[in-house]
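Numbering (this note's numbering), first residue to last: 53 to 315.
Given below as structure tokens:
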């Protein structure tokens with residue numbers, strides 16, 4: 053069975069000032085795939101995620117980005133919001149907002165297609181998925197970093213999109229919530245064919261369900277190269293050291309999960 057193509061990135065170069073972060077990227081994402089984006093600080097992970105999400109200044113980009121065959125600049129904000137949810141690295145919330153307000157706001161593309169009670173029920177269910185339902189009416193400013201991250205992820209889930217674009221979704225989370233989140237993403241992808249594109253710094257988590265990897269190998273002073281393909285072909289100690297600039301060891305847990313750790 054042939055998988056439907058969701059995202060096409062062609063002849064794509066990303067620059068910031070005089071720095072070339074990513075050069076001549078060709079990348080295709082299909083329905084149900086789970087992509088892990090790997091690279092050192094400043095390699096361009098966040099900028100690339102913002103670019104494909106339609107949130108990056110076009111002046112820094114050269115090449116083509118298409119969602120379901122449609123050029124990104126031609127997609128309206130509402131079309132993009134029904135297609136992809138974006139979870140930022142450092143979630144922001146306005147003063148006076150509660151957790152439930154942040155999650156409800158994410159559902160605006162569907163506002164005229166559901167009843168108000170259904171919105172609220174779905175928002176509460178999304179908070180429960182992220183283990184923060186007890187904080188539904190807590191002020192955003194009172195939340196810890198990890199709690200804000202989980203509320204932000206709940207907002208992504210509540211947006212009900214076929215694609216999740218997540219910038220370091222496991223940052224600020226304790227190990228239990230890191231593993232639980234990845235299990236949740238994998239289960240949703242397998243059961244609903246939801247596509248995931250996520251950047252990660254926790255390399256020990258790569259082996260927990262990602263199907264493909266885009267590894268940025270550029271560093272300061274060099275044009276941004278990359279390695280791309282199925283996880284089993286791309287992610288290994290040699291390539292990780294090239295990407296991250298530090299020796300990496302590979303191990304397998306008693307349950308058969310492959311893990312990578314700094315040497």
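No residue lacks a Cβ here, since even glycine has one placed at the ideal position from N, Cα and C.
Within its chain, find whatever has a CB closer than 6 Å to the CB of residue i; leave out the 5 residues flanking it on each side and keep chain order.
i, result
"residue 137", "208, 211, 213 and 216"
"residue 302", "289 and 312"
"residue 89", "97, 251 and 266"
"residue 114", "65"
State the Cα-Cα distance for the pair residue i and residue j, rounded to the nearest angstrom.
i, j, result
"residue 99", "residue 108", "7 Å"
"residue 237", "residue 62", "27 Å"
"residue 315", "residue 149", "44 Å"
"residue 195", "residue 160", "23 Å"
"residue 139", "residue 219", "6 Å"
"residue 292", "residue 256", "12 Å"
"residue 300", "residue 76", "27 Å"
"residue 279", "residue 155", "35 Å"
"residue 180", "residue 294", "39 Å"
"residue 243", "residue 147", "37 Å"
"residue 175", "residue 259", "30 Å"
"residue 152", "residue 128", "26 Å"
Please look up how many angstroms separate the CB atoms of residue i and residue j, rounded, as I've assumed it's under 8 Å.
i, j, result
"residue 56", "residue 264", "The Cβ separation is near 15 Å, so there is no contact."
"residue 221", "residue 205", "6 Å"
"residue 73", "residue 276", "5 Å"
Might you give, ordered along the chain, the residues of its own chain that have their beta carbon closer than 8 Å to the beta carbon of residue i, omitting 5 neighbours on each side?
i, result
"residue 281", "264 and 265"
"residue 178", "155, 206, 207, 209 and 210"
Using a Cβ-Cβ distance under 8 Å, would residue i count as near chain C?
i, result
"residue 85", "The displayed structure is made up of one protein chain only, and chain C is not part of it."
Use the C-beta contact count for residue i: other C-beta atoms within 10 angstroms, 16 or more gives buried, fewer gives exposed.
i, result
"residue 200", "buried"
"residue 298", "exposed"
Got a sec? Which residues, its chain only, sit under 7 Å from residue i by beta carbon, not counting five neighbours each side?
i, result
"residue 286", "265, 267, 279 and 280"
"residue 67", "73 and 112"
Item to check | Within the stretch 71 to 97, ranges of the beta strand (DSSP E) (whole runs, at least 3 residues) | outcome: Counting only runs of 3+ residues, the beta strand (DSSP E) found wholly inside the stretch 71 to 97 occupies 71 to 82 and 86 to 90, in chain order.
Checklist entry - In chain order, which continuous runs of the beta strand (DSSP E) of length 3 or greater are located wholly inside the stretch 186 to 223? => result With a minimum length of 3 residues, the continuous beta strand (DSSP E) runs that stay inside the stretch 186 to 223 are 215 to 219.
Checklist entry - Going along the chain, which unbroken runs of the beta strand (DSSP E) with 3 or more residues stay wholly within the stretch 268 to 311? => result 278 to 282 and 300 to 304, all fully within the stretch 268 to 311.
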